[in-house]
Each structure stands twice: as C-alpha cells, then as structure tokens.
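With our numbering, the residue at position 63 of the sequence shown is 63, and numbering never jumps.
What follows is a short report on a single structure.
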Amino acid sequence: MSVQTITRTRAVLAGSAERAAVHSLISEPEASVSGAPVFAPEASQLLLALILLSPKEPAEPRGK
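So, in structure tokens, the structure goes:
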C-alpha cells in the first residue's frame with residue numbers, strides 16, 4: 001500500500017539584492033554593433049572566380 005503525502009511549498013521571496021541582480025541580467029542592453037555577417041559584394045565575385053577556376057570532374061573511363 002502506498003502512502004501519499006502532500007507537502008505544501010511556500011513561494012520564496014527574493015530580497016532587493018537578488019531582485020536587482022536578476023533585473024540586471026534580464027535587462028542587459030544590446031550591443032551597438034551586432035556580430036551578424038555583413039553583405040560584401042567582393043566575396044561573391046571571389047566565389048564565382050573560384051568556381052570557374054576549379055578543376056573539372058574526371059571523365060568516365062571508356063570501356064574497351
């Protein structure tokens with residue numbers, strides 16, 4: 001036979017120091033410059049040149 005116990009929990013109230021710490025973590029300001037990649041037209045030209053200069057696939061050997 002299993003015995004089931006009910007435990008009541010109280011909400012833990014944070015002090016002003018804890019609230020200030022949580023608030024500073026949550027409301028952290030964003031950086032003015034993001035780390036996202038930026039469009040660079042030179043990169044597309046370089047990639048196109050590398051594709052055009054890349055070696056071709058080898059041809060299938062012909063059966064004798």
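All C-beta atoms in this analysis are idealised placements derived from N, C-alpha and C, irrespective of residue type, glycine included.
{"Check": "With a threshold of 7 Å on Cβ separation, who are the neighbours of Ala11 within its own chain once the five nearest residues in sequence on each side are excluded?", "Outcome": "none"}
{"Check": "Quick check: what's the CA-CA separation for Glu18 versus Thr5?", "Outcome": "32 Å"}
{"Check": "Rounded to whole angstroms, what is the Cα-Cα separation between Val22 and Ala14?", "Outcome": "10 Å"}
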